[in-house]
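Chains as they are written, first to last, in my numbering: chain X, 1 to 112; chain H, 113 to 227.
Report on the following structure.
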């Protein structure tokens, strides 16, 4: 989807297990974002990155960590998954502030 | 802090009727504003954006939106709805940081189009 892919597309995991979601882009964009989408809440920012090894927290970062060791990959880790983290996760990248985001197709995560 | 309010979580229109999806924002600085559309089981696709300049912005699929600073609004319209317009629509305002911005999204409006 416009040079940004997410994996896996679907995942079911057990409470307490760590989970890593991957976002990969092919356009060398500096800015990348992780959001979660929940009914009635729209999209909420979890973490974002403004360059390799440069990341920061969004509004709902508790229980999540990220890493960006290469421009093209932005990983989101749920350190110990909980049922409240059942959600659809979207990654996005951005060329610059005058442009909107380009989103991946999402990862549907279910924590049982 | 910036925020976005979308009035109406569900809107239903007849095919051929006017589509009006409402979005109000709060921002202490001149905002960048965006509308996105999400079709089932897909990611979000940019419909249109306002950054600077002309306040009436045209987007894809015949949609347009008008930035009204005095009303802090950025409503999305389309003169004639098509069945293919059925989707969820999200308004977003940007919070700018140097060369990038964080988007703050509204809760979304699900548009249904019936024959």
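Cβ atoms here follow ideal geometry from the backbone N, Cα and C, with glycine treated the same way.
Within the same chain, show all residues whose beta-carbon is closer than 6 Å to that of residue i, passing over the 5 residues directly before and after it, in chain order.
i: residue 22 (chain X); result: 7 and 75
i: residue 27 (chain X); result: 3
i: residue 190 (chain H); result: 131, 174 and 175
What does the alpha-carbon distance come out to for the pair residue i and residue j?
i: residue 57 (chain X); j: residue 110 (chain X); result: 23 Å
i: residue 160 (chain H); j: residue 114 (chain H); result: 20 Å
i: residue 1 (chain X); j: residue 51 (chain X); result: Confidence is the limiting factor: at residue 1 (chain X) the pLDDT is only 49, short of 50, which leaves the residue's position unreliable and the question unanswerable from this model.
i: residue 91 (chain X); j: residue 42 (chain X); result: 14 Å
i: residue 167 (chain X); j: residue 89 (chain X); result: Absent from the structure is residue 167 (chain X), since the part of chain X shown begins at 1 and ends at 112.
i: residue 107 (chain X); j: residue 11 (chain X); result: 8 Å
i: residue 46 (chain X); j: residue 219 (chain H); result: 16 Å
i: residue 130 (chain X); j: residue 39 (chain X); result: This structure cannot settle anything about residue 130 (chain X), because the visible part of chain X is limited to 1 through 112.
i: residue 151 (chain H); j: residue 59 (chain X); result: 25 Å
i: residue 166 (chain H); j: residue 81 (chain X); result: 46 Å
i: residue 98 (chain X); j: residue 146 (chain H); result: 11 Å
i: residue 223 (chain H); j: residue 119 (chain H); result: 12 Å
Using the beta-carbon count (16 or more within 10 Å), is residue i buried or exposed?
i: residue 101 (chain X); result: buried
i: residue 54 (chain H); result: No answer is possible for residue 54 (chain H): the residues shown for chain H start at 113 and end at 227.
i: residue 187 (chain H); result: buried
Note down, in chain order, each residue of its chain lying with its Cβ closer than 7 Å to the Cβ of residue i, except the 5 sequence neighbours on either side.
i: residue 213 (chain H); result: 144, 206 and 207
i: residue 5 (chain X); result: 24 and 104
i: residue 61 (chain X); result: 46 and 47
i: residue 138 (chain H); result: 114, 115 and 184
i: residue 178 (chain H); result: 167, 168 and 187
Residues of chain H with CB under 8 Å from residue i, in chain order?
i: residue 89 (chain X); result: None at all; the shortest Cβ gap to chain H is about 11 Å.
i: residue 94 (chain X); result: 212 and 213
Which residues in chain H have a C-beta closer than 9 Å to the C-beta of residue i? List them in chain order.
i: residue 124 (chain X); result: Beyond the ends of chain X as shown, which are 1 and 112, falls residue 124 (chain X); an answer cannot be given.
i: residue 3 (chain X); result: Neighbours of residue 3 (chain X) on chain H: none; closest Cβ ~12 Å, over 9 Å.
Residues of chain X with CB under 8 Å from residue i, in chain order?
i: residue 166 (chain H); result: Within 8 Å Cβ-Cβ: nothing; residue 166 (chain H) doesn't reach chain X, min ~15 Å.
i: residue 219 (chain H); result: 40, 41 and 42
Residues of chain H with a CB under 7 Å from the CB of residue i: which are they?
i: residue 16 (chain X); result: Per Cβ cutoff of 7 Å: no residues; residue 16 (chain X) is ~28 Å from chain H at best.
Residues of chain X with a CB under 7 Å from the CB of residue i: which are they?
i: residue 158 (chain H); result: 100
Which same chain residues end up closer than 8 Å to residue i when comparing Cβ atoms and leaving out the 5 residues on each side of it in sequence?
i: residue 226 (chain H); result: 124, 125, 126 and 127
i: residue 9 (chain X); result: 105, 106, 107 and 108
Chain-ordered residues of the region 19–45 of chain X with a beta carbon less than 9 Å from chain H: 30, 31, 33, 35, 37, 39, 40, 41, 42, 43, 44 and 45
Can you list, in chain order, the residues of the region 50–70 of chain X whose Cβ is nearer than 8 Å to any Cβ on chain H? 50 and 58
Quick one, which residues of the region 183–204 of chain H are near chain X if we go by CB-CB under 7 Å, in chain order? 202
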